[in-house]
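Protein chains in written order, with the working numbering: chain A, 1 to 249; chain B, 1 to 159. We put the CB at the ideal spot given by N, CA and C, even for glycine. Note that the structure is a prediction, hence the values are computed from the model and not measured.
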């Protein structure tokens, strides 16, 4: 038991995680490029035209992955926030802060591509239906998290305050996901879910899943890059960062 | 109990309380979060009286009538139980089609006609190539024809 705990927490120390993250980043960038090119190739060149929406539906290859990521990154962020509160590990708070801007970016992309899609198909850029409104709240949660952390000077206190906000905001995620089932919304229901067969042509689905994988890899890569910078900034008084910076200079 | 366990319990307890609170609030707001009412709900008097609201449903097949000016139109919205006539003056979204979903915002006039100020198309979550859609439509028609033939046969055997 003791051994296991040591292994588990070994990489929770910034000093050991910093070089590990550095080694992983190029791999995730590479995978992001491969999945992205494959997904867009299938999406734009191989996937058939949609019977109802014509070529316009192809924005789905960005819209759906961005929406999924915006929700999933929030869950991961809340997970790190909870771990930070429970175990008092320094790295957890740093991971949560590193993920927030990427999550905000995807929430914004989801709303933006949704607006561009909604205008030609539904006939409006924006409606206050449950799905759209709850996704907008998610964007505000991300921005609120970033702002709250930036407003508190002491990083440990900033982590704690941010963690509580992140955990409270978690209730919004199932609301976004199930909004189209619980209420009448203008937004249609899910085409892809774990419980039943997807209601889209196989080629379209492959393109979308590959694009989603590309977004995952991209998110991991940028989050690791960002967390490395945060580590250096917060641990700048420690010996290992001094030694590292001396070595570079 | 270690302090760490206490903190985990606090977090889990907090989340549970939050979840319950959110469920109760959402339940209380249930009717107010409705984006549109179906014609059946309107007929049952659930829609707000004298105020602007949205109705949603399918555009009934063959119900779209255009005036010569091209922008004044009437169509029937149905949820297969109740029908509702909608009058609208303006440009329809590209996806507006008979037999497809629609959401219209407007007011209910005294004569029971819904006067819309905005009409939005609501599409479904199915994405397929046109050939597949056509095959599906044909199969639907064949099934309907078979059913009609079976009913006709049943009637003749009864007589």
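From this set, the options, which residue's C-alpha is nearest residue i's C-alpha?
i                      : options                       : result
residue 163 of chain B : B:72, B:44 and B:86           : Given a span of 1 to 159 for chain B in the structure shown, any question on residue 163 of chain B remains unanswerable.
residue 51 of chain B  : B:110, B:22 and B:130         : B:110
residue 73 of chain A  : A:60, A:51, A:91 and A:103    : A:103
residue 91 of chain B  : B:99, B:79, B:104 and B:80    : B:104
residue 220 of chain A : A:69, A:16 and A:152          : A:69
residue 81 of chain B  : B:70, B:100 and B:39          : B:39
residue 68 of chain B  : B:79, B:89, B:83 and B:48     : B:89
residue 191 of chain A : A:13, A:10 and A:65           : A:65
residue 17 of chain A  : A:228, A:243, A:239 and A:155 : A:228
residue 79 of chain A  : A:193, A:217, A:167 and A:53  : A:167
residue 172 of chain A : B:25, B:41, B:4 and B:129     : B:25
residue 59 of chain B  : B:146, B:22, B:28 and B:122   : B:122
residue 51 of chain A  : B:151, B:70, B:133 and B:96   : B:133
residue 106 of chain B : B:42, B:96 and B:154          : B:42
residue 45 of chain B  : B:129, B:112 and B:142        : B:112
residue 187 of chain A : A:151, A:130, A:230 and A:239 : A:130
residue 83 of chain B  : B:61, B:17, B:70 and B:139    : B:61
residue 71 of chain A  : A:169, A:237, A:233 and A:210 : A:169
residue 128 of chain A : A:183, A:100, A:120 and A:141 : A:183
residue 97 of chain B  : B:6, B:108, B:114 and B:77    : B:77
According to DSSP, simplified to helix, strand and coil, what is residue i?
i                      : result
residue 56 of chain A  : helix
residue 288 of chain A : Coverage of chain A is limited to positions 1 through 249, which leaves residue 288 of chain A absent and any answer about it impossible.
residue 222 of chain A : helix
residue 117 of chain B : strand
residue 75 of chain B  : strand
residue 180 of chain A : helix
residue 15 of chain B  : helix
residue 54 of chain B  : strand
residue 188 of chain A : coil
residue 236 of chain A : coil
residue 85 of chain B  : strand
Does the beta-carbon distance from residue i to residue j come in below 8 Å?
i                      : j                      : result
residue 65 of chain B  : residue 74 of chain B  : yes
residue 61 of chain A  : residue 207 of chain A : yes
residue 75 of chain A  : residue 12 of chain A  : no
residue 124 of chain B : residue 99 of chain B  : no
residue 203 of chain A : residue 25 of chain A  : no
residue 47 of chain B  : residue 37 of chain B  : yes
residue 253 of chain A : residue 4 of chain B   : What the structure shows of chain A is the stretch from 1 to 249, and residue 253 of chain A is not part of that stretch, so it cannot be assessed.
residue 82 of chain A  : residue 11 of chain B  : yes
residue 108 of chain A : residue 139 of chain A : yes
residue 67 of chain A  : residue 110 of chain A : yes
residue 127 of chain B : residue 200 of chain A : yes
residue 95 of chain B  : residue 53 of chain A  : yes
Inset, instruction - Check whether the region 89-108 of chain A touches the region 153-160 of chain A, counting contact only when three or more Cβ pairs, one atom from each stretch, lie closer than 8 Å. - result: yes
Inset, instruction - Check whether the region 164-181 of chain A touches the region 28-40 of chain A, counting contact only when three or more Cβ pairs, one atom from each stretch, lie closer than 8 Å. - result: no
Legend entry - Entirely enclosed alpha helix (DSSP H) segments - the region 75-139 of chain A, minimum 4 residues: If you keep only unbroken alpha helix (DSSP H) runs of at least 4 residues inside the region 75-139 of chain A, you get 90-121.
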